[in-house]
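For the sequence shown, the residue numbers in full-length UniProt numbering are 340 to 624.
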Amino acid sequence: GRVTHFDAEVLATRGSQAELRARHHMERRLRLAIANGGLRLHYQPLAEVASNRIVGAEALARWEDDELGPVSPNEFIKLAEETGLIIDLGRWALRTACREAATWPMFESTDGIRRRMKVTVNVSAVQLSQPSFVRDVADALAESGLLPRTLCLEITETAVIGDMHATAKNLQEIRDLGVTIALDDFGTGYSSLTMLRDLPADVVKIDKSFIDKIAEEASTDSVLARLVIETAHSLGMSVCAEGVETNEQAERLAGMGCDTLQGWLISKPRPGSEAFTEWLPSAVL
Ligand code: C2E
Ligand code: CA
Ligand code: CA
Ligand code: CA
């Protein structure tokens with residue numbers, strides 16, 4: 340009775356104390372990594388369907404810790420968001436991506452103009468709600484010399500569940516700088532249509548969960564993907580499909596009018612220095 344109940348409670352407390360210690364340890368290590376250059380960015384290319392060329396790349400944070408080994412971005416980004424470390428991490432990612440992208444090669448786009456490859460950077464809700472965020476973006480551009488139109492910020496639906504009005508205002512100021520905005524993981528939240536109505540954005544990124552079954556004729560996912568593409572185009576936005584792994588998926592998406600493709604079919608994320616030697620020489624699809 341009573342004793343057993345007490346023991347169980349003690350055990351449960353010990354268990355969660357161990358978890359708490361591990362979490363504090365990871366938080367300390369992450370803080371050090373951010374301060375001491377222990378994080379890296381990898382880049383995953385974006386292929387333009389019309390030209391069959393790489394036109395940009397998404398920056399994805401990587402962390403391999405001396406004590407903890409490699410930690411998955413889903414884990415350390417979540418921890419960073421919960422502890423406020425995402426402010427420094429996000430600022431680092433923004434500055435690093437701009438600095439590295441400023442050295443990337445030019446390519447000839449479909450309109451015959453030579454452009455620099457675009458870089459897209461993930462932005463968390465916590466960052467978006469900071470009053471200093473617009474200035475952080477402007478500083479990263481000024482420091483690197485990157486043209487604003489070469490930078491795109493990816494935001495998720497969950498990022499804007501809080502204060503939609505304040506977020507929209509911040510995003511409008513960022514767009515006024517000439518930076519583009521992409522709605523990331525589109526379709527996975529519960530307010531996708533509200534997002535389209537209320538947020539100024541240039542690109543919709545269809546979430547991988549819709550892409551997985553897109554090659555199945557008349558699957559619900561392929562109907563929804565087509566709907567997203569047509570709706571985005573009617574609103575003057577372009578569409579990027581995430582997590583494209585097979586040729587069948589790429590062909591279906593191209594047939595639906597999807598503008599850019601991203602996924603393992605084209606390339607896994609790589610360090611910037613390695614990535615371009617592999618991407619540049621040939622057409623991708
Ligand atoms: P995300 O922004 O949705 O990024 C796409 C994720 O899908 C990446 O996972 C990428 O490596 C993976 N992926 C790309 N193509 C394929 C594919 O064909 N198949 C499969 N199975 N996966 C593919 P990753 O790199 O593990 O990043 C996970 C998440 O962590 C990102 O999801 C993003 O939300 C977050 N994240 C990463 N870096 C940053 C950052 O610098 N700042 C913020 N705020 N979040 C970041
Ligand atoms: Ca993203
Ligand atoms: Ca995504
Ligand atoms: Ca995602």
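Every residue gets a Cβ at the ideal spot worked out from N, C-alpha and C, and that includes glycine. Being a predicted model, the structure only gives us computed values, none of them experimental.
Q: Put residue 491 into one of helix, strand or coil per three-state DSSP.
A: The residue given as residue 491 occupies position 152 in the sequence shown. It is a strand residue.
Q) From residue 383 to residue 604, what distance separates their C-alpha atoms? A) In the sequence shown, counting from the first residue as 1, residue 383 sits at position 44. In the sequence shown, counting from the first residue as 1, residue 604 sits at position 265. C-alpha separation (whole angstroms): 11 Å.
Q | Helix, strand or coil at residue 408 [DSSP, three-state] | A | Position 69 of the sequence shown, counted from the first residue, corresponds to residue 408. DSSP, read as helix, strand or coil, puts residue 408 in strand.
Q.
When you measure from the CB of residue 589 to every non-hydrogen atom of ligand 1, does any distance come out below 8 Å?
A. Taking the first residue of the sequence shown as 1, we reach residue 589 at position 250. Result no, Cβ not under 8 Å from ligand 1.
Q) Between which two residues does the alpha helix (DSSP H) carrying residue 597 extend? A) Within the sequence shown, the letter at position 258 stands for residue 597. In this chain, residue 597 is not harboured by any alpha helix (DSSP H), its DSSP state being neither H nor E.
Q. Measuring CA to CA, which of 484, 366, 461, 405 is closest to residue 443?
A. Counting from 1 along the sequence shown, the entry for residue 443 is found at position 104. Per the Cα distances, 484.
(Q) Between which two residues does the alpha helix (DSSP H) holding residue 428 run? (A) In the sequence shown, counting from the first residue as 1, residue 428 sits at position 89. Run containing residue 428: 425-440, per the alpha helix (DSSP H) assignment.
Q. Any heavy atom of ligand 3 closer than 8 Å to the Cβ of residue 457?
A. Within the sequence shown, the letter at position 118 stands for residue 457. Flag unset: Cβ of residue 457 not near ligand 3.
Q: Can you tell me which of the three DSSP states residue 625 falls into?
A: Given that the chain is displayed from residue 340 to residue 624, the structure contains no residue 625 and the question cannot be resolved.
**Q.** Pairwise C-alpha distance: residue 392 and residue 446
**A.** As a position in the sequence shown, residue 446 is number 107, starting the count at 1. As a position in the sequence shown, residue 392 is number 53, starting the count at 1. Spanning the two alpha carbons is a distance of roughly 9 Å.
Q) Does the region 364-380 come close enough to the region 402-414 that 3 or more CB-CB pairs lie under 8 Å? A) yes
Q) Excluding the five sequence neighbours on either side, which residues of its own chain have a C-beta within less than 7 Å of the C-beta of residue 507, listed in chain order? A) Taking the sequence shown and counting its residues from 1, the one referred to as residue 507 is at position 168. Taken in chain order, the residues that qualify are 537, 538, 539.
Q. Between the region 570-578 and the region 356-364, do three or more beta carbon pairs fall short of 8 Å?
A. Cβ pair count under 8 Å is below three, so no.
**Q.** Any non-hydrogen atom of ligand 3 closer than 8 Å to residue 417 Cβ
**A.** Counting from one through the sequence shown, the residue named residue 417 turns up at place 78. Checking the Cβ of residue 417 against ligand 3 gives no.
Q) On the three-state DSSP scale, how would you describe residue 577? A) Taking the sequence shown and counting its residues from 1, the one referred to as residue 577 is at position 238. Correct three-state label for residue 577: strand.
Q | Bridge partner(s) assigned by DSSP for residue 542 | A | Position 203 of the sequence shown, counting from 1, holds the residue named residue 542. Paired residues: 521, 577.
Q: Express the C-alpha separation of residue 380 and residue 427 in angstroms, rounding to a whole number.
A: The count along the sequence shown starts at 1 and reaches residue 427 at position 88. The count along the sequence shown starts at 1 and reaches residue 380 at position 41. Between residue 427 and residue 380, the C-alpha separation is close to 15 Å.
Q: Going by CA-CA distance only, name the one from 610, 554, 479 that's closest to residue 592.
A: By 1-based counting over the sequence shown, the position of residue 592 is 253. Among 610, 554, 479, the Cα nearest to that of residue 592 is on 554.
**Q.** Cross-strand partners of residue 445 (DSSP beta bridge)
**A.** Indexing the sequence shown from 1 puts residue 445 at position 106. Residue 445 pairs with 455.
Q: Could you have a look at residue 621 and say whether DSSP puts it in helix, strand or coil?
A: Numbered from 1 along the sequence shown, position 282 holds the residue referred to as residue 621. At residue 621, the pLDDT of 49 sits below 50, so the modelled position is not reliable and the matter cannot be decided from this model.
(Q) Using only CA atoms, which one of 397, 549, 414 lies nearest to residue 490? (A) Here residue 490 is taken as the residue at index 151 of the sequence shown, counted from 1. Of the candidates 397, 549, 414, the one whose C-alpha sits nearest the C-alpha of residue 490 is 397.
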